[in-house]
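Asks:
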Amino acid sequence: MSLDAAKKYLSFPHLEAELRAELEPLLAAAEAGEAGALAELEDRFFEPLAFGTGGLRGFMAAGLRRMNQPNVRRVTLALAAVAQRHAPDKKIAVVGSDTRLNSDVFSAETAAVLAAAGYTVYLGARPLPTPFLCFAMKALGSGCGAIVTASHNPKEYNGYKAYNDLGGQVVEPWDAEIEAHMATLPLVPVPPVAPPGSILPIPAEVEAAYVAMGLELLQHPQPFTPASILYTPFHGTGVAFVPALFEAAGLPLTVSPSQGIQDGTFPTAPRPNPEELAAYAAPLREAEAMGADVVLANDPDADRIGVVAKRNGVWELMSGNDLAALTLDYLCGQKGRLGAVVSTVVTSDFMATVARHHGLPVVWTLTGFKYIAVCMDRLEALGEAYAFGAEESYGMLLPPSLRDKDGVTAALVVGEMAGHFKAKGMTLFEAVEALQGRVGSFHNRLVNLEDPRPGGAKRFAEAMGRIRTAGLASLGGETVASWEDFQACQWHGEGRTEPILDRPDNRGAALPIPRSNALKFRLPSGGFVAFRPSGTEPKLKVYLQSRTGKAQLDQMEAEARTLLGL
747 MSLDAAKKYL SFPHLEAELR AELEPLLAAA EAGEAGALAE LEDRFFEPLA FGTGGLRGFM
807 AAGLRRMNQP NVRRVTLALA AVAQRHAPDK KIAVVGSDTR LNSDVFSAET AAVLAAAGYT
867 VYLGARPLPT PFLCFAMKAL GSGCGAIVTA SHNPKEYNGY KAYNDLGGQV VEPWDAEIEA
927 HMATLPLVPV PPVAPPGSIL PIPAEVEAAY VAMGLELLQH PQPFTPASIL YTPFHGTGVA
987 FVPALFEAAG LPLTVSPSQG IQDGTFPTAP RPNPEELAAY AAPLREAEAM GADVVLANDP
1047 DADRIGVVAK RNGVWELMSG NDLAALTLDY LCGQKGRLGA VVSTVVTSDF MATVARHHGL
1107 PVVWTLTGFK YIAVCMDRLE ALGEAYAFGA EESYGMLLPP SLRDKDGVTA ALVVGEMAGH
1167 FKAKGMTLFE AVEALQGRVG SFHNRLVNLE DPRPGGAKRF AEAMGRIRTA GLASLGGETV
1227 ASWEDFQACQ WHGEGRTEPI LDRPDNRGAA LPIPRSNALK FRLPSGGFVA FRPSGTEPKL
1287 KVYLQSRTGK AQLDQMEAEA RTLLGL
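Heads up: the sequence shown runs through residues 747 to 1312, numbered per my numbering.
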């Protein structure tokens, strides 16, 4: 079957020469019976590259299930068709890319397809952060947009994020309609011809407006002593804005000599993920040499933020949960915040507790900033203000005008916050401990599980089915008090069943949460465990929270692994 698919793929006369040159020897080897070539061909052609969470992501190579120009054309043709149905009067599109290999090629292809479809396209002339491109979509009034990025994946990957007319990642119904339209298109669409003058650079005044918006987020706290900060963009796009933003704010910043160079091969961080301390190895050596107080990081497309600081003399990565809660408390304690705080169902309750401590309502949604953006749109429609939003995976959003997480402006505010606590004689970790002394302790852990054996995804699906059917009676030495099935959108507890609401504290304005294959079990002490499998890979994430300490987390993790058969 895959041999036939590969031959059909090669039969398109306009297939890119470099893709043809790569695929033909592989096909020949597979036809000769080489097992490795057959397996590789099967992996490339057994199904198309799925339009997943907001777009595409995969290895770069020839094939249906790879990132390449034909797939970029297919998804962009579908995006244009869907956008023209939902936003027919908005004929502007914004396109940009990160520093990855081929990102410039894929973004140029995207721009050409949109221009040929009748859009005036503003194309980033250099690698640019995702949050800036989202800002440009709103500022220029785009009907759709696309960003070529694979976020924090290794260098072999690239991806494509599709955006709607509100400047957020596509959600229902756009996403399903894009996927359905892609299925009607040829495997290798004809390369487009953009009309002359239809592709323009993003105006310089949009960049200036983004910087001005970032500067407005400064709190100017007292007391204040500038922190010694080393910044790493992990060879990505953050270096295009973060140093200039700090300079405009009058705050000192040292860019990592090793990782400040834009390079899509990520030579010093093979996995450029701000959630993994190993990615910080090179900048931590530099930070130690310069006596830095804090290391700030953005992932390659600069929508996430990571913070490493010293605890008891040892460099330690702060969790996304703790950073979000501390940042929210800092903002509330300085100029103050008005409006709702948006959190996700697998994020620690720490941030929500801080919000309530400051009298702010909380809105809950599914994992992913595309869902936070939907909540922001609804708040705006209701005439309510947005105060802050974040999720545990190192994403937060301060400006209410954007619809995706923003690691660039977050870096500025966190850098200023570090200086405030330095003036008070506190490290960032000591500030978290002081905050928990006021609102209560929260201990959280993310457990990433993989089952690479054949049938791994099926086993995880069966385990979720068993848990969903049988439930959990106890966990971590406590009896389960209530549980939530997000696939059925049902809360179970106290002898009754109710819909899961996004605003349980304000039922008059609440809506049922979107459905997703996830389960969450809550304990009387305030702890919880949540299970969320991947829809396409043999992976499952387990989110743990204890209000008592690490020992209970260890017990909960061991019990969860046993429950899942690992």
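All residues carry an ideal CB built from backbone N, CA and C; glycine is no exception.
(1) Which residues does DSSP pair with Y977 in a beta bridge?
(2) Leaving out the 5 sequence neighbours to the left and right, which residues in its chain are closer than 6 Å to V1040 when beta-carbon positions are compared?
(3) Considering only residues of the same chain and omitting the five flanking positions on each side of I1007, which have a CB-CB separation below 7 Å?
(4) How far does the beta strand (DSSP E) with A1313 in it extend, from its first residue to its last?
(5) Just to confirm before moving on: does the CB-CB distance between K907 and G782 stay below 9 Å?
(6) Is Q915 helix, strand or coil by DSSP?
(7) Given that a residue counts as buried once 16 or more other Cβ atoms are within 10 Å of its Cβ, and exposed if not, what is F797?
(8) From the DSSP secondary-structure annotation, give me the bridge partner or partners of Y903.
(9) Does the separation of the CB atoms of H1166 and Y1076 fall below 9 Å?
(10) Which whole-angstrom value describes the C-beta separation of A776 and L749, a residue pair presumed to lie in contact below a C-beta threshold of 8 Å?
(11) Pick out whichever of R820, E1196 and F878 has its Cα sitting closest to the Cα of E951.
(12) Can you check whether the CB of M813 is closer than 9 Å to the CB of N904?
(13) Helix, strand or coil: which one does DSSP assign to M1064?
(14) By the DSSP assignment, the alpha helix (DSSP H) with F992 in it spans what residues?
(15) According to DSSP, simplified to helix, strand and coil, what is Y1140?
(16) For L1310, I'd like the list of residues in its chain whose CB is within less than 6 Å of its CB, leaving aside the five on either flank, ordered along the chain.
(17) Taking DSSP as the reference, what is the three-state secondary structure of Q1291?
(18) Note the first and the last residue of the continuous alpha helix (DSSP H) segment covering E1230.
(19) Please say whether W1061 and E1032 have beta carbons closer to each other than 9 Å?
(20) Work out the CA separation of F1115 and P1018 for me, nearest whole Å.
(21) What residue does the alpha helix (DSSP H) around Y1325 start on, and which one ends it?
(22) Could you pull the start and end residues of the alpha helix (DSSP H) that S748 belongs to?
(23) Give the straight-line distance between the Cα atoms of L1247 and P1016, rounded to the nearest whole angstrom.
(24) To which residues of the same chain is V1108 closer than 8 Å at the C-beta, ignoring the five residues directly before and after it?
(25) Under 8 Å: do the region 1141-1155 and the region 938-948 share three or more Cβ pairs, one atom per stretch?
(26) Starting from L838, follow the beta strand (DSSP E) in both directions and report where the run begins and ends.
(27) Given this structure, state the Cα-to-Cα distance separating H927 from A824, to the nearest angstrom.
(28) Out of curiosity, what's the CA-to-CA distance linking T845 and Y956?
(29) So, F970 versus A1169, is the Cβ gap smaller than 9 Å?
(30) Under a three-way DSSP split, which group does M1172 fall into?
(31) Whole angstroms is fine: what's the gap from Q1080's alpha carbon to L963's?
(32) Going by alpha carbons, who is nearest to E925 out of G1211, E1022 and A826?
(33) Taking P1245 as part of the beta strand (DSSP E), name the residues at either end of that continuous run.
(34) What does the alpha-carbon distance come out to for the pair L869 and D850?
(35) When the Cα atoms are used, what is the spatial distance from P1279 to A990?
Replies: For this structure:
(1) V1001 and L1042
(2) A973, I975, A1055 and A1164
(3) H981
(4) No statement about residue 1313 is possible, as the shown extent of the chain runs from 747 to 1312 and does not include it.
(5) no
(6) strand
(7) buried
(8) Residue pairing for Y903: DSSP places it in a beta bridge opposite F805.
(9) yes
(10) 6 Å
(11) Minimum Cα distance to E951 is reached at F878.
(12) yes
(13) It is coil, neither helix nor strand.
(14) Boundaries of the alpha helix (DSSP H) harbouring F992: V988 to A995, taken from the DSSP string.
(15) Reduced to three states, the DSSP call for Y1140 is coil.
(16) A1209
(17) strand
(18) Where E1230 is concerned, there is no enclosing alpha helix (DSSP H), although the beta strand (DSSP E) it sits in stretches over S1228 to D1231.
(19) By the CB criterion at 9 Å, E1032 and W1061 fall outside the cutoff.
(20) 20 Å
(21) The structure shown does not extend to residue 1325, since the chain is modelled only from 747 to 1312, so the question has no answer here.
(22) S748 to L756
(23) 40 Å
(24) A1086, V1087, V1088, S1089, A1098, A1101, R1102, R1249 and D1251
(25) no
(26) Residue identity check: residue 838 is Ile in the sequence provided, not Leu. Unbroken beta strand (DSSP E) run through I838: I838 to S843.
(27) 5 Å
(28) Near 20 Å, if we compare the C-alpha coordinates of Y956 and T845.
(29) yes
(30) coil
(31) About 11 Å.
(32) A826
(33) R1242 to P1245
(34) 10 Å
(35) 40 Å
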